[in-house]
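Student: FYI, the numbering used here numbers position 341 of the sequence shown as 363, with every residue one higher than the one before it. Here a beta-carbon is modelled for each residue, glycine too, at the ideal position from N, C-alpha and C. My questions will all concern the structure given below.
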Amino acid sequence: MATILYVTQSIAPFVVGGMQEVSRRHISYLRGKGHEVVAFHSQMDGPRQGDIHSGLHHIPWPQFSLRYPGRYPHTLYRLSRLVAEWLPKIKPDIIYAEGPVVGHIFSIKNRPPIIFHPHGLESLQEKFKIRHIFLKRLILQHCKKADIVISQGGDLDRLLSNNTRVKASCVRYLPNSFDGPLASAKLPPKNRRLLFVGRREKRKNLNFLLNICAQYPEIKLDVVGCSAIAEVGENIKFHGEIRDSQRLLKLYRQAHLLVLPSLAEGMPTVVLESMSQGTPVVANSVGAVMDVVVPGKTGWLVAVGNRDGMLQALFAGLSLDSYHYQKMSANCVAAVKHSYSKEVVQDILNSIVIQEVELPIL
């Protein structure tokens, strides 16, 4: 088996987020296949308890006293220089970069092959921002110089092809996964509440959903992942950040629909978590969401900014009769089981690694 240097900016449970959870799972999956994984991460919200194995190294996040538009990608590059110091000691067969975190390592002679996972390519999806100029440059460098580039499918394939000019032969499909308990199909909950799960940042577009709920007080909404806002109505309940996975799954199970109004995404883990509990999804058609949410089967897709389309999808879901809701709920669970389970994604990830280092498939 291979010795893998796994580099990620942050990892669950030290930082809560979709990419952070993906990092945790991938390390576990690779070790489960017998590979030796030496992992590095940098950002920490604070000490957390979790199922982190030995071989996980924390490198303090590089600090700069000045604030300037290119500070974030510059910090990522500085981080890559710190990781590079470990190469002679680890002697990895392959490097797996979760995000643009190995920029300096590309310049090292006789370096091992590098697999680059760019995730949602948000800087290529969102409207022009000055800070994205520098981050985009770093992402394009990684796409151009990496031996393998990971895509999660959907519109991300087009973004990779049109914006990075990465060769199709270098792209490998790797979806996100759900590795918790799968629920059975369910009937519509009596209290037909919507659920939003995500941080309060512009890309998640929570205000768009809050404005809809303000205009239609009959729509009930639970918000997980951010603190309460004083001005909202009684039809909206904030639950704050939830780190207890069982409690979060219970909220998914109790919800009638998950709503994802994001402006840019990769393959959101919240969508897979919701579907695993039999809860259909109403989402903007961004990133790889269009591959997971199949209109009429597992939920509804809406064009970004289409307020009328979002309202139509929400009311269609809320008014769905028991028979069709239960059928859609069953489709959600089946999709996660057959396409996004731990076993499926673990095998795909293992195949990518061993093919690149030319190891026999066991």
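Taking buried to mean at least 16 other C-beta atoms within 10 Å of its own C-beta, is Asn213 buried or exposed?
Tutor: exposed
Student: Using the Cβ count rule (16 or more neighbours within 10 Å means buried), how would you classify Phe15?
Tutor: This structure does not reach residue 15, given that the chain is present from 23 up to 384, and the question cannot be answered.
Student: According to the neighbour-count rule (16 or more other Cβ atoms, all chains shown, within 10 Å of its Cβ), is Asp115 buried or exposed?
Tutor: Residue environment: Asp115 is assigned as buried (16 or more neighbouring CB atoms within 10 Å of its CB, all protein chains considered).
Student: Is the beta carbon of Ile172 closer than 8 Å to that of Ile127?
Tutor: Pairing Ile127 with Ile172 gives a Cβ-Cβ distance that is not under 8 Å.
Student: Using the three-state DSSP reduction, which class does Ile234 fall into: helix, strand or coil?
Tutor: helix
Student: Starting from Lys364, trace the alpha helix (DSSP H) in both directions and tell me its first and last residue.
Tutor: Lys364 to Glu378
Student: Cutting at 6 Å between CB atoms, please list the residues of its own chain near Leu280, excluding the five before and the five after it.
Tutor: Leu217, Ser296, Thr301 and Val303
Student: What are the complete beta strand (DSSP E) segments, minimum 3 residues, inside the stretch 24 to 112?
Tutor: Listed in chain order, the complete beta strand (DSSP E) runs (minimum 3 residues) inside the stretch 24 to 112 are 25 to 30, 58 to 63 and 78 to 80.
Student: If you drop the 5 nearest sequence neighbours on each side, which residues of the same chain put their C-beta closer than 7 Å to that of Val59?
Tutor: Ile26, Tyr28, Ile49, Leu52, Arg53 and Gly77
Student: By DSSP, does Val9 sit in helix, in strand, or in coil?
Tutor: An answer regarding residue 9 cannot be provided, because it is not within the stretch 23 to 384 covered by the chain.
Student: On the CB-based measure, 16 or more other CB atoms within 10 Å of its CB, does Glu399 come out buried or exposed?
Tutor: One cannot answer for residue 399 here, as it falls past the ends of the chain, which runs 23 to 384.
Student: Expressed to the nearest angstrom, what Euclidean distance is found between the alpha-carbon atoms of Ala338 and Tyr238?
Tutor: 15 Å
Student: Is the distance from the Cβ of Val324 to the Cβ of Met332 below 8 Å?
Tutor: yes
Student: Just how far apart, CA to CA, sit Leu109 and Pro82?
Tutor: 18 Å
Student: Starting from Ser129 and walking both ways along the beta strand (DSSP E), at which residues does that stretch end?
Tutor: Premise fails: Ser129 is in no beta strand (DSSP E) and is neither H nor E.
Student: Where Gln163 and Leu340 are concerned, what is the direct C-alpha to C-alpha distance, given to the nearest angstrom?
Tutor: 45 Å
Student: Tell me the start and end of each unbroken beta strand (DSSP E) in the stretch 254 to 293 that is at least 3 residues and wholly inside, in chain order.
Tutor: 258 to 260 and 279 to 282
Student: Name the residue from Leu160, Leu178 and Asp330 whose alpha carbon lies nearest to the alpha carbon of Ala119.
Tutor: Leu160
Student: Taking all protein chains shown into account, do 16 or more other C-beta atoms lie within 10 angstroms of the C-beta of His278, making it buried, or fewer, making it exposed?
Tutor: Under the 10 Å beta carbon count, His278 is surrounded by 16 or more other beta carbons and is classified as buried.
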